[in-house]
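If you number the sequence shown the way my numbering does, the last residue is 421 and the count never jumps.
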Amino acid sequence: MKIKKYEAPTIEEALAQVKADLGRDAVILNTKKVPPKGLFSFFKKERVEITAALGINLMNHNDKPKPISKSQEPSSTPFPRYEEKIGMLKSEIDEVKSLVKTIAHQLSDPLLQNTSEGLTEIYNHLLSNRVDEVIARKILLSAKKKLNKEELQDINKIRGKAGEEITNLIKTSGPLHLPKGKQKVVALVGPTGGGKTTTIAKLAAQYSLFKDKKVALITADTYRIAAVEQLKTYAEIIDAPVEIIFTDEEAKEALDKHSDKDLIFIDTAGRSPHNEDQVDELAKLMEYCSPNEIHLVLSMTTKFSDLMTTIDRFSNIPVNKLIFTKLDETTTPGTMLNVLAKTKKQLSYITMGQNVPEDIEVAESEKISKMIVGEQFEPTEGSSEETSRVS
Ligand SMILES: Nc1nc2c(ncn2[C@@H]2O[C@H](COP(=O)(O)OP(=O)(O)O)[C@@H](O)[C@H]2O)c(=O)[nH]1
Ligand SMILES: [Mg+2]
């Protein structure tokens, strides 16, 4: 029996040595990597050591260790540990490859280059509030450009600057403008349950009770008895007339009847954005009444993708402004920014509860920005903290 060790830079070379020395009947007892030794070992490569034997039967059963044969070289049964190691090495290489890819991507990404922890934190905060990734990057890249190195280490400075960027992206229209002696007809459209009727009740109450305007209500939502009753109840409280209309002609008549009013609100039936006929019918009614303003009412509890479908479906109605409702119930305020950025429409009002008439405010960019960027946002330049209720 002969046992010997063979060392070489690669397993193939070590095996070649075994074969040359012990022949094809040699049995591999062990293979291992040998770390470089001696001076300058840091620069040397690992070597492979094979321990091989000739004339040995290690098994106590019938399975004799198989001699080295051509078909088994270098990776079949006598070398299971070698195969295993190769597999491990392969997956390690794959990991390193993907790491290198990520690092390369980060190095070429202007947002992440020399980035500060604060910048990353605000970025993640925006994403968790469902701000669209592209919009979030745009905001932070712009904020980054305007901050110096020192400021980039201060999370509040970053938050403040990002808040300003968001404020600039949010376009608002201010409240309903009622020029003296001129009537204004305002229609609210949108999907069912979005808050149209409640919002009309809030606005009608605010304008009639606190701004002393003569208000009338028209409802085209005759599909549900409850909807008519709902508006009638609100109208009784503020002592405003309600007209229920079934046809486009009746709408015209109702408008004529109340030509003496300062403000007329048209409440419409909740249209399913998935039903094109319903939306077309609504478009016809709007054309017929030609209101001065059409506000699309969108609940902020709705997913962004569903809101975009709605906006798309309502695109043949000449919507001037948006109203966002149910801000009290949303956990994703970033949706507001996404919708405004995509539609490029102005936001008129926001509502934040079911109470009539108080849970409504004229939309303010800064306030919405603050909801999106986080509580501690303190704008750096001339801004007011005042909330502007409708009254
Ligand atoms: N939490 C919350 N609920 C609201 C808000 N606005 C409306 N709602 C509720 O949403 C539901 C549907 O409102 P409604 O005005 O009937 O919607 P419409 O079908 O669009 O006319 C009602 O229960 C309202 O009380 C809001 O700002 N916050
Ligand atoms: Mg309604």
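Glycine included, each C-beta is placed from N, C-alpha and C at the ideal position.
Bear in mind that the values here come from a model prediction, so they are computed numbers and not experimental data.
A direct Cα-to-Cα measurement between glutamate 180 and lysine 191 gives close to 14 angstroms.
In this structure, DSSP gives aspartate 124 a helical state, which the three-state scheme calls helix. Under a 10 Å Cβ-count criterion, valine 78 is classified as buried, with 16 or more other Cβ atoms of the shown protein chains found around its own Cβ.
Here methionine 366 is buried. Its C-beta has 16 or more other C-beta atoms within 10 Å. About 14 angstroms separates the beta carbon of isoleucine 353 from that of isoleucine 200, a gap too long to meet the 8 angstroms contact definition. When C-alpha distances from glutamate 151 are compared across Asp162, Ile188 and Asp55, the shortest belongs to Ile188. When beta bridges are read from the DSSP output, arginine 77 appears opposite Val64. Here leucine 377 is buried, its C-beta having at least 16 other C-beta atoms within 10 Å. Around isoleucine 390, the same chain offers Lys232, Tyr379, Thr381 and Val420 as residues with beta carbons nearer than 6 angstroms, after the five sequence neighbours per side are excluded.
Cβ contact annotation for proline 321 (same chain, cutoff 7 angstroms, sequence separation greater than five): Val215, Val216, Ala217 and Ile296, in chain order. For alanine 250, the three-state secondary structure derived from DSSP is coil. Short note on glycine 220: C-beta not closer than 7 angstroms to any heavy atom of ligand 2. Beta-carbon to beta-carbon, alanine 281 and cysteine 319 are separated by about 5 angstroms, close enough to satisfy the 8 angstroms threshold. For threonine 227, the distance from the CB to the nearest heavy atom of ligand 2 is below 7 angstroms.
In the DSSP secondary-structure assignment, isoleucine 58 is bridged to Ala82. Proximity of the beta carbon of threonine 339 to ligand 1 is not indicated: no heavy atom of the ligand is located closer than 7 angstroms. Residues of the same chain with a CB within less than 6 angstroms of the CB of aspartate 358, apart from the 5 flanking positions on each side, are Met382 and Gly383 in chain order. Secondary structure at lysine 356: coil, using DSSP grouped into helix, strand and coil. The beta carbons of serine 146 and leucine 182 sit closer together than 8 angstroms. The criterion of a C-beta distance shorter than 8 angstroms is satisfied by lysine 34 and aspartate 51. Residues Gln376, Leu377, Ser378, Val392, Ala393, Glu394 and Ser395 of the same chain have their beta carbon placed closer than 8 angstroms to that of threonine 202, with the five preceding and five following residues left out of the count. Residue pairing from DSSP places serine 329 in a beta bridge opposite Thr355. Here the distance from the Cβ of aspartate 124 to the nearest heavy atom of ligand 1 is not below 7 angstroms. With a cut-off of 8 angstroms on Cβ pairs, the region 286-295 is in contact with the region 243-251, counting three or more such pairs.
Pairing asparagine 368 with valine 161 gives a Cβ-Cβ distance under 8 angstroms. DSSP, reduced to helix, strand and coil, places glutamine 376 within a strand of the structure shown. Secondary structure note for tyrosine 153: its alpha helix (DSSP H) is the uninterrupted segment 147-158. Fully enclosed alpha helix (DSSP H) runs of no fewer than 4 residues occupy 163-176, 185-199 and 226-235 of the region 154-237, in order along the chain. Counting along the chain, no alpha helix (DSSP H) covers leucine 239, and no H or E run does either. Rounded to the nearest angstrom, the Cβ distance from glutamate 37 to valine 57 is 18 angstroms, too far for a contact under 8 angstroms. Looking at the backbone, the Cα of serine 329 and that of glycine 225 are separated by about 7 angstroms.
Of the other Cβ atoms in all chains shown, fewer than 16 fall within 10 Å of the Cβ of serine 335; this residue is therefore exposed. Distances from the CB of valine 309 to the heavy atoms of ligand 1 are all 7 angstroms or more.
For aspartate 389, no beta strand (DSSP E) encloses it, and the DSSP letter there is neither H nor E. For arginine 54, the closest of Gly193, Glu195, Tyr153 and Ala83 by C-alpha to C-alpha distance is Ala83.
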